[in-house]
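Taken in sequence, the protein lines are chains V and U. Each step along the first sequence adds one to the number in the UniProt record's numbering, with nothing skipped, and position 50 is 50. Each step along the second sequence adds one to the number in the UniProt record's numbering, with nothing skipped, and position 89 is 89. Where is the CB? At the ideal position from N, CA and C, for every residue including glycine.
Protein chains: 2
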Amino acid sequence: MALAHALIASLIEEPCSGYDLSKRFGGSVGFFWNASQQQIYRELTKLEAQNWISAEVIPQQSRPDKKLFRVTEFGRKQFIEWITEPCEPTDLRDDLLVKVFRGYLVPRHILREELQRHRATHLNKLSVYRDIEQQYFSESQQLAVKDQFVYMTLRRGLRLETDAVAWCDEAIELLRQLEVDQE
Amino acid sequence: MALAHALIASLIEEPCSGYDLSKRFGGSVGFFWNASQQQIYRELTKLEAQNWISAEVIPQQSRPDKKLFRVTEFGRKQFIEWITEPCEPTDLRDDLLVKVFRGYLVPRHILREELQRHRATHLNKLSVYRDIEQQYFSESQQLAVKDQFVYMTLRRGLRLETDAVAWCDEAIELLRQLEVDQE
DNA sequence: GGTGCCATGTAACGAGTTACATGATTGG
DNA sequence: CCAATCATGTAACTCGTTACATGGCACC
Numbered sequence: 001m002a003l004a005h006a007l008i009a010s011l012i013e014e015p016c017s018g019y020d021l022s023k024r025f026g027g028s029v030g031f032f033w034n035a036s037q038q039q040i041y042r043e044l045t046k047l048e049a050q051n052w053i054s055a056e057v058i059p060q061q062s063r064p065d066k067k068l069f070r071v072t073e074f075g076r077k078q079f080i081e082w083i084t085e086p087c088e089p090t091d092l093r094d095d096l097l098v099k100v101f102r103g104y105l106v107p108r109h110i111l112r113e114e115l116q117r118h119r120a121t122h123l124n125k126l127s128v129y130r131d132i133e134q135q136y137f138s139e140s141q142q143l144a145v146k147d148q149f150v151y152m153t154l155r156r157g158l159r160l161e162t163d164a165v166a167w168c169d170e171a172i173e174l175l176r177q178l179e180v181d182q183e
Numbered sequence: 001m002a003l004a005h006a007l008i009a010s011l012i013e014e015p016c017s018g019y020d021l022s023k024r025f026g027g028s029v030g031f032f033w034n035a036s037q038q039q040i041y042r043e044l045t046k047l048e049a050q051n052w053i054s055a056e057v058i059p060q061q062s063r064p065d066k067k068l069f070r071v072t073e074f075g076r077k078q079f080i081e082w083i084t085e086p087c088e089p090t091d092l093r094d095d096l097l098v099k100v101f102r103g104y105l106v107p108r109h110i111l112r113e114e115l116q117r118h119r120a121t122h123l124n125k126l127s128v129y130r131d132i133e134q135q136y137f138s139e140s141q142q143l144a145v146k147d148q149f150v151y152m153t154l155r156r157g158l159r160l161e162t163d164a165v166a167w168c169d170e171a172i173e174l175l176r177q178l179e180v181d182q183e
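Given below as structure tokens:
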């Protein structure tokens, strides 16, 4: 039940609608917990049934009504308890690595191009993270305690993407050498 | 359908039983694609029905009979086609990051201990990977082409774990500072 | 007049997790 | 005698993905 906790993590600081949440999951929490709109709506329904959150219908003119979700006192307790419990590192499931693992079965250039595509994607994410860092976390000494925690997660993202790019470079270089050897 | 491809990736070099596969997934392919025994049996049944693999029953005395699975010519083609198709980087879903994100909601020491636990786990994996590197890939210049591809995936694992440890250190250090400030 | 945004969902399916079930053999 | 290893699976459930459905308003 971890999507549930990711949703609470977001709602706990700022109550909002399912629609808003699904947009938030494009950034912020979404950087380390992915979820589609459909999943979010389904999970919100369940969380409301279990009384972790409560909904208030906000009538709107010239827009569909929205449901504003708030974390209940019970939900808050459950969330804090969940943080307190130990958990195991998520295990890896990476298509690209399976492909590289048996990459000798396809022409070199195919894997090289794929690695370059992935490199570009990671570089892209990296630049997004760097922008966020500059905008919100540039003076890390003066950050509020709360923001220091959030910053730590951003640091993780920065590291992850930096490392992914570096590995792609390694792998691309290896392929380049193998291509040279073939000539 | 990516577990399917991970299974084929393993079977394509060495046919074996479901039981053997589930053990292999504790290492090798398993380092970058996790799967339980139950999942593996289910998927093998499906793959056989789709004719990606074929089974040969090997009668054994003093042990239960086993089914030896081989990748068919059709399966091989499908696998190679899959490698050729582009894919997107897997998106992150990490409990620990959700916990750190709202980590200010619990006493400092709880998160610190959790980070230390995770650090130890990553260090452990790292040492496993290093052993494998020393044993099988120490003279990287003289590796067969095939093994160079496999080595690239090991490099990824080494990097990933190294980076995870480094980030844990960063995060632990931050918490230490916050604890000092509290005094 | 079409695209995109706001805002809600349902339905079907595929993938992953947890628990249970069976049964012989080997080794301490 | 107990635990581990070999070897197979079923069943129930949760989580994640893909596709579909509705409908008004704002902006170009």
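**Cutoff 8 Å: V:F137 Cβ touching any chain U Cβ** = Taking the first residue of the first sequence as position 1, residue 137 of chain V is located at position 137. No, no contact with chain U.
**Item:** V:Q37: contacting residues in chain U (beta-carbon distance under 9 Å)
**Value:** The residue given as residue 37 of chain V occupies position 37 in the first sequence. None at all; the shortest Cβ gap to chain U is about 15 Å.
**Asked** Who are U:I132's beta bridge partners in DSSP?
**Response** On the second sequence, residue 132 of chain U is found 132 positions in, with the first residue counted as 1. U:I132 is not bridged to any residue.
**Message:** According to DSSP, simplified to helix, strand and coil, what is U:V165?
**Reply:** The residue you call residue 165 of chain U lines up with position 165 of the second sequence. Of the three classes helix, strand and coil, the one that applies to U:V165 here is helix, per DSSP.
**Request:** Check the Cβ of U:A171 against every Cβ in chain V and list those closer than 7 Å, keeping chain order.
**Result:** For the purposes of this step, residue 171 of chain U is taken as residue 171 along the second sequence, with counting starting at 1. Those within 7 Å of U:A171 in chain V are M152.
**Prompt:** Quick one: Cα of V:D169 to Cα of V:F32, how far?
**Reply:** As a working mapping, residue 169 of chain V is identified with position 169 in the first sequence. As a working mapping, residue 32 of chain V is identified with position 32 in the first sequence. V:D169 and V:F32: Cα-Cα distance of roughly 24 Å.
**Request:** Answer with yes or no whether the minimum CB distance from V:D94 to chain U is below 8 Å.
**Result:** Here residue 94 of chain V corresponds to residue number 94 of the first sequence, with the count starting at 1. So, interface residue.
**Message:** Just checking: is the beta-carbon of V:V165 within a distance shorter than 8 Å of some beta-carbon in chain U?
**Reply:** Here residue 165 of chain V refers to the residue found at position 165 when the first sequence is read from its first residue. So, not an interface residue.
**Message:** If I follow the unbroken alpha helix (DSSP H) through U:I8, where does it start and stop?
**Reply:** Mapped onto the second sequence, residue 8 of chain U falls at position 8. Counting along the chain, the alpha helix (DSSP H) containing U:I8 begins and ends at A2 to L11.
**Asked** Thinking just about the alpha-carbon of each residue, which of U:G18, U:W82 and U:N51 is nearest to the one in U:I40?
**Response** As a first step, residue 40 of chain U must be located in the second sequence, where it is residue number 40. Taking only the C-alpha atoms, the option nearest U:I40 is U:G18.
**Request:** Evaluate contact between the stretch 99-112 of chain V and the stretch 66-85 of chain U, counting only Cβ atoms and requiring at least three cross-stretch pairs below 8 Å.
**Result:** yes
**Asked** What do you get for V:Y129, buried or exposed, if any count of 16 or more other CB atoms within 10 angstroms of its CB means buried?
**Response** Walking along the first sequence from the start, residue 129 of chain V turns up at place 129. V:Y129 should be labelled buried.
**Asked** In the structure shown, what three-state DSSP assignment does U:F137 receive?
**Response** In the second sequence, residue 137 of chain U corresponds to position 137, counting from 1. Coil at U:F137, not helix or strand.
**Request:** Pick out whichever of V:G26, V:I172, V:L175 and V:T153 has its Cα sitting closest to the Cα of U:D94.
**Result:** Counting from one through the second sequence, the residue named residue 94 of chain U turns up at place 94. Minimum Cα distance to U:D94 is reached at V:T153.
**Prompt:** At least one CB of chain U closer than 8 Å to the CB of V:E133: is that the case?
**Reply:** By 1-based counting over the first sequence, the position of residue 133 of chain V is 133. Not closer than 8 Å to any Cβ of chain U, the Cβ of V:E133 fails to qualify, so no.
**Message:** Just to make sure I have the definition right: I need the residues of chain U whose C-beta is within less than 8 Å of the C-beta of V:W33. Which are they?
**Reply:** In the first sequence, residue 33 of chain V corresponds to position 33, counting from 1. Neighbours of V:W33 on chain U, chain order: L92, R93, D94, L97 and V98.
**Request:** Assuming V:Y151 contacts V:L143 (C-beta within less than 8 Å), just tell me the rounded distance between them.
**Result:** Against the first sequence, residue 151 of chain V aligns to sequence position 151. Against the first sequence, residue 143 of chain V aligns to sequence position 143. Rounded, the Cβ-Cβ distance is 6 Å, consistent with contact.
**N- and C-terminal bounds of the beta strand (DSSP E) containing residue 189 of chain U** = The question about residue 189 of chain U has no answer, for chain U in this structure spans 1 to 183.
**Prompt:** Can you name the residues of chain V whose CB is closer than 7 Å to the CB of U:C87?
**Reply:** Within the second sequence, the letter at position 87 stands for residue 87 of chain U. D95 and L96, listed in chain order.
**Message:** Quick check on U:E14 - is its C-beta less than 8 Å from some C-beta in chain V?
**Reply:** Looking up residue 14 of chain U in the second sequence gives position 14. No, its Cβ sits nowhere closer than 8 Å to a Cβ of chain V.
**Message:** Let me see if you follow: with CB-CB separation under 8 Å, is residue 187 of chain U close to chain V or not?
**Reply:** Past the boundaries of the shown model lies residue 187 of chain U; chain U is included only from 1 to 183, so the question cannot be answered.
**Message:** Quick test of your reading: V:H118 and V:L96, contact by CB under 8 Å. State the CB separation rounded to the nearest angstrom.
**Reply:** For the purposes of this step, residue 118 of chain V is taken as the residue at position 118 of the first sequence. For the purposes of this step, residue 96 of chain V is taken as the residue at position 96 of the first sequence. That pair is a contact at about 6 Å.
**C-beta neighbour in chain V for U:G103, strict 8 Å** = The count along the second sequence starts at 1 and reaches residue 103 of chain U at position 103. Cβ-Cβ to chain V under 8 Å: yes for U:G103.
**Asked** Pick from V:D147, V:V180, V:F101 and V:A9: whose alpha carbon is nearest that of V:G75?
**Response** Position 75 of the first sequence, counting from 1, holds the residue named residue 75 of chain V. Taking only the C-alpha atoms, the option nearest V:G75 is V:A9.
**Prompt:** From V:V145, V:K125 and V:L111, pick the residue whose C-alpha is nearest to that of V:A164; which is it?
**Reply:** As a position in the first sequence, residue 164 of chain V is number 164, starting the count at 1. Nearest C-alpha to V:A164: V:K125.
**Asked** Just checking my contact of V:S22 with V:Q37 at CB under 8 Å: how many whole Å lie between their CB atoms?
**Response** For the purposes of this step, residue 22 of chain V is identified with residue 22 of the first sequence, where counting begins at 1. For the purposes of this step, residue 37 of chain V is identified with residue 37 of the first sequence, where counting begins at 1. With a Cβ gap of about 4 Å, V:S22 and V:Q37 count as contacting.
**Message:** Please report whether the beta-carbon of U:H109 lies at a distance below 8 Å from any beta-carbon of chain V.
**Reply:** Here residue 109 of chain U refers to the residue found at position 109 of the second sequence. Judged by the 8 Å Cβ criterion, U:H109 is not in contact with chain V.
**Prompt:** Over what stretch of residues does the beta strand (DSSP E) that includes V:V71 continue unbroken?
**Reply:** Here residue 71 of chain V is taken as the residue at index 71 of the first sequence, counted from 1. Its beta strand (DSSP E) spans residues K66 to V71.
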